[in-house]
Amino acid sequence: MNYPEVNEVFFSECEELLQEIESVLLHLLEGIEDKETINKLFRHIHTIKGSAGIFGFEHIEAFAHGLENLLQQVREEKLHFTPQLAEYLLKCRDHLAQLVECAAANSIPDQDLLEQGEALTAGIREFMPAGNGQIDSPPTKRSAAIAPIPETDREEDTWHLSLRFKPDTFRNGFDPLSFIRYLNEIGRIVELRVIDRDLPPLTELDPENCHLGFEIRLRTPADEGEIRQVFEFVEDDCDITVAPEGGRSQPAPAARVAVGVTPATTARSEERLPLPTARKARKAKYIRVDSDKLDQLVNFVGELVISTAHICQTAHGRGYEDIAESTDTLTKLVGDIRDSTLQLRMIPIGGAFNRFNRIVHDLGQELGKEVRLEIHGAETELDKSVTEIISDPLMHLVRNAIDHGLETSERRAALGKNPEGTLRLNAYHETGEIIIEVGDDGAGLNREKILARAMKAGLVKAGETLTDTDIHRFLFMPGFSTAEHVTNLSGRGVGLDVVNKNIEALRGRVDIESQEGRGTTMRIRLPLTLAIIDGFLVNVAESSFIIPLDLVVECLQFSEEYLVHGNKKVMELRGEALPVIRLGEIFDVNGKKIERENIVVVRQAGKKIGLIVDELLGEVQSVIKPLGRIFGRTPGFSGATILGDGTVALILDVASLVGTMEKREKAEHKKRKKQISEPTPQHEIGPEAGSDDETEGQGHD
Amino acid sequence: MEIEFKKTAGSTTAKCRGRLTIYTVAGVREAFNSIVGEGKPTTLNMEELVDIDTAGIQLLMALKRQCGVQGIELNIRNHSPILISILDLYGLAGYFGDRIVLGPSMRRDFSFAYGTKRVIHD
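Protein sequences, first through last, are from chains A and B. Residues in the first sequence are numbered from 50 upward in steps of one, following the working numbering. Residues in the second sequence are numbered from 238 upward in steps of one, following the working numbering.
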C-alpha cells in the first residue's frame, strides 16, 4: 500500500521512535538498566518493524526484526545487556535511521547501505546466546520464543498494569473501583492482585487514606494509549505502569500509525478504529500543527493587535465613551489572544538540549576525552523559531568546549581534577530574556595567549591596558584562533564570529565568563519573543520611542537636583547610584525644552539605568516590524512599530544603548588619560586641553 | 454503617447495616478497633451491607490482617451482593478465606476467576 500522506505519518513516527531509542540506549550506557527500559526499547523496535511491514518497507522491517530478536533475548534474560551491546545497538539504530531516510526519499538502499546492513546483522548474530543463532526470516514466521496464540485471541494482547494509588486518592474524589471496573469494559481482567504492603496496622491506619496498589493482567484489543486513557483523570493520584506481556503475535501497531486510512487497509485495523491520537495517549494532550499555519496565525494576531489599538485610540480620542468602554474590553481580549498565540510557539529547550547527549558521547570518544553532559533548565521555554536558529551556534560552542576547553583525562588527573570533564548546558529566564549557558570545567581562557595572538594580529598595541572582557571579545573576531592544532571540528577560527553574528541577528548577545584553570562559560542572551512587544511609550521632542516593558522598573519625574553633584551622568535614587542617559542627547533629537522631564528606570542584564525622556505615554502592545535593511543594525534600536494613530515608534535596544554609551565614555576617558600621561605635548586644542590636570613641563594652547 | 454487637462469653457477632464507604469508614474504625481489643472470635454478618467501596474494603482488609497477626478468628458471613462483587473484582476471596454462598441467580454474575487461593498472613 502506498498512500503518501499516510507514509508521512509513518516517517515522522519513525523519527520520533528512533530519537527515543537513541535516548534509551544512551541511558543504558550510563548503566541505568531496568526491565522497563529494556521493554521500552523492545516495543519501539517492534513498532517500527510492524509498521514497516504493513507499509511494505521490507529492508526496514527485516533489519528491525533482527534487532527485535536480539532484544527479546535480553528481555528473557537469556542475554546480558553490556555496554558493548549498547554501543553496537547505537550503530544499528543509526543504520535503521539511514534506511528510514532512504525510504522517505523514495529510493532503495544502495550497495553500500545494504552491505553495512548485512555486516551489522551478522554482528547481531555474534551477540545472540548459543542456540538462538538463527534469525528467522520475517514477516510471517514468528520467533521461537513466542508460543503460537490461538486464532480466536489474535486481536487481543495481554498487558500488565501496575497501579499504586496515593494516600489522597479518596479525598480527591476518586475510587480505584470505578477505574478497574472500566478496565473490564475495554477488555477482560485475567488476574488481579491487591497489594496491601503499604497498608498500616489497623490502629495506625487513617481509613480515609488510600494505601492500596493493584497488579493487573488484562487481555484487551486496546493499545497502550487506550489503556492509559482509562486512568487519565486519576493520573496525579496514581503511579501507573503499563507494559505488554510476552511477545506480540502480529504487527498490530501498524493500525495505530494509519491515520484516516481508507477501507483498503486490513480488516484488523478497521475493527480497532485507529484514532489518530490513540497511539500517543501518553502525549494525548498534543495535536500536530503545521508550523506555517501557526506563523500565519501569529501574523494575523499581530495585525489584529494593531487594528484594535487604532480603534481604541480613535474611540477615546473622539470621546465616544460607550464605544471606548467596549474597545477597552476588546483590547484586553485581543491581548489574551495574543499571549495565548505566542505561547503556542513556545517549546521547551530540552528538545534542543537532548540532541547533545549523543553528540557529547560521540565527541568524547572521537577526541579521547571523558565528558559528562549536565543539563539544567530543560523545561525553559522559548520561541520555536529561536530554538531552531540557536541549534547551530550551540553545537559550535559545545564542540569548542570539548575540543579546546576540556583537558585530556591524564592532564586533568595530574592537575587534581576529576578525570571526567563536565559540559554544562543551562537555560533560564531573566527579565524578558532567555539565557542559555554552555559551560565547561576545563582549562579556561588563557589571557596571555589571547593577548599575544591579538598583538600578533595588530589588534592591540603594546602597553594598552585591557579588561578581561575586552580580551574575550577578540575571540569573536573573524579568523581569530589561539588553537595550536586545527582539528576537523574547530580551531580554524571560522566559528565564534559566526556564532556571534547569528545571535546578534536575533537581538541577542554572547558573553564569556572564564577562569583560568577552572573553566569557561559562554552565555547567550536572547529576547523571549520575536514578534510582538509589550512596551512603554515615551516621547522625546517630537519622536516616539518604545522601551520594552519587561525592562522597565519604575518611572518618576526628573529634576536636575537628583544628579550627583558634579557628575551629569549619575543620579541618586533612594541611596543608590544610578547612571542616566538623556535620550534626546544620545539620539540628537532636541525640541523645545520641556518643563518637567521624566525618567524611566530600566534594568538591563542586572544593571539599572535611568533614561531621561520628555513625556511618558503609557503602555502599548504592538507588532515589531524589523527595520529595513538600509538601516543595517543601527545600534540602539531593535526594530520599529506602528502605533495606533499611524506614527512610527522606534523600539529601544537598551543593551546596545548602554554599550554605545560605555564606548563613548571610555573613549573620552582614554582621551583624558592620554593627555595626563603622555610626556610630550600633544598640541590638542579642545575642551580637554584646558583641563585642570597639568603635567610638568607641558604648556597648553 | 451501624454495627449491632451480640456478645457471648466465647464469641461475638457483629451485624453490619448500611454503607461501608469513604463517608463512613472513619466512624466504623473505632468499632473495628474494639473487635481487636476484645480479642474474641468474631463473625461479621454482612447481609444488610448496602454499599462498599475501596475505602471500605481497605478497612476490612486492615481488620482481617490485624486479627491474623493477633490470632483472632474473624469470619464474614452472609455476603451481600455488593460485597461479593467487590471481592470478585479485587480477587480478595482468598484474602479473607470465608465461604461465599452464591445464590443460583448470582452464579452468572460472578466468576471468581482469580484470587481464590488462601492467603497466608505473615
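Cβ atoms here follow ideal geometry from the backbone N, Cα and C, with glycine treated the same way.
The beta carbon of B/Ile337 sits no closer than 8 Å to any beta carbon of chain A. With a contact defined as Cβ atoms closer than 8 Å, A/Val703 and A/Val651 qualify at about 6 Å. At a C-beta separation below 8 Å, B/Ile323 has these neighbours in chain A: Leu226. Below 8 Å, enough C-beta pairs join the stretch 146 to 158 of chain A and the stretch 54 to 69 of chain A to call them touching: three or more. Cβ proximity to chain A below 8 Å picks out Ile259, Val262, Ala263, Val265, Arg266, Phe269, Asn270 and Val273 from the stretch 248 to 279 of chain B. Neighbourhood of B/Leu300 in chain A, by CB distance below 9 Å: Leu251, in chain order. Under the three-state reduction of DSSP output, A/Asp217 falls in the coil class, being neither helix nor strand. In the three-state scheme derived from DSSP, where H, G and I count as helix and E and B as strand, A/Cys259 is classed as coil. When DSSP reads this structure, B/Cys253 sits in a beta bridge with B/Ile240. Against chain A, the CB of B/Thr353 has no partner CB under 8 Å away; the residue lies outside that interface. Of all alpha-carbon atoms in A/Val420, A/His359, A/Val435 and A/Glu423, the one lying nearest the alpha-carbon of A/Met395 is that of A/Val435.
A/Phe263 sits buried, since 16 or more C-beta atoms from the chains shown fall within 10 Å of its C-beta.
The DSSP-derived three-state label of A/Tyr231 is helix.
Taking C-beta atoms as the reference points, A/Trp208 and A/Ile276 count as a pair closer than 8 Å.
With contact defined as three or more Cβ pairs closer than 8 Å, the stretch 324 to 337 of chain B and the stretch 274 to 294 of chain A are not in contact.
Residue-level contact by beta carbon holds for A/Pro256 and chain B, with a gap shorter than 8 Å.
Beta bridge pairing from DSSP links A/Met571 with A/Val487 and A/Ile561. For A/Asp377, the closest of A/Cys361, A/Arg387, A/Tyr369 and A/Leu391 by C-alpha to C-alpha distance is A/Cys361. Around A/Pro684, the same chain offers Ser705 and Thr709 as residues with beta carbons nearer than 6 Å, after the five sequence neighbours per side are excluded. The Cβ neighbour count for A/Thr269, taken over all protein chains shown within 10 Å, is at least 16; the residue is labelled buried. Closer than 8 Å to the CB of B/Thr291 there is at least one CB belonging to chain A. Between A/Val338 and A/Arg623, the alpha-carbon positions lie close to 51 Å from each other.
Only residues of its own chain outside the window of five on either side were considered, and among them Ile386, Arg387 and Thr390 have a CB closer than 7 Å to the CB of A/Val350, listed in chain order. Straight across, the Cα-Cα distance linking A/His95 with A/Ala113 is about 7 Å. In this structure, B/Leu300 lies near B/Ile272, with their beta-carbon atoms less than 8 Å apart. The shortest CA-to-CA distance from A/Gln121 to any of A/Lys84, A/Lys140 and A/Tyr137 is the one to A/Lys84. The alpha-carbon separation between A/Met571 and A/Glu486 amounts to approximately 6 Å. Between the stretch 548 to 561 of chain A and the stretch 626 to 645 of chain A there are fewer than three inter-stretch CB-CB distances shorter than 8 Å, so the stretches are not counted as touching.
Listed in chain order, the beta strand (DSSP E) runs fully inside the stretch 575 to 617 of chain A are 581 to 589, 592 to 597 and 601 to 607, counting runs of at least 3 residues. Contact check for B/Phe347 and B/Ile319: beta-carbon distance about 12 Å, past the 8 Å limit, so the pair fails to qualify. In terms of beta-carbon proximity, A/Val279 stays away from the interface with chain B, with every pair separated by 8 Å or more. Within chain B, not a single residue places a beta-carbon under 8 Å from that of A/Arg246; the smallest gap is close to 11 Å. A/Lys510 and A/Glu482 have their alpha carbons spaced roughly 36 Å apart. C-alpha of A/Lys498 to C-alpha of A/His521: approximately 11 Å in a straight line. Within chain A, the C-beta atoms nearer than 7 Å to that of B/Leu296 come from Pro256, in chain order.
Inclusion of A/Ile408 and A/Val447 in the CB contact set at 8 Å is warranted, their separation being smaller than that value.
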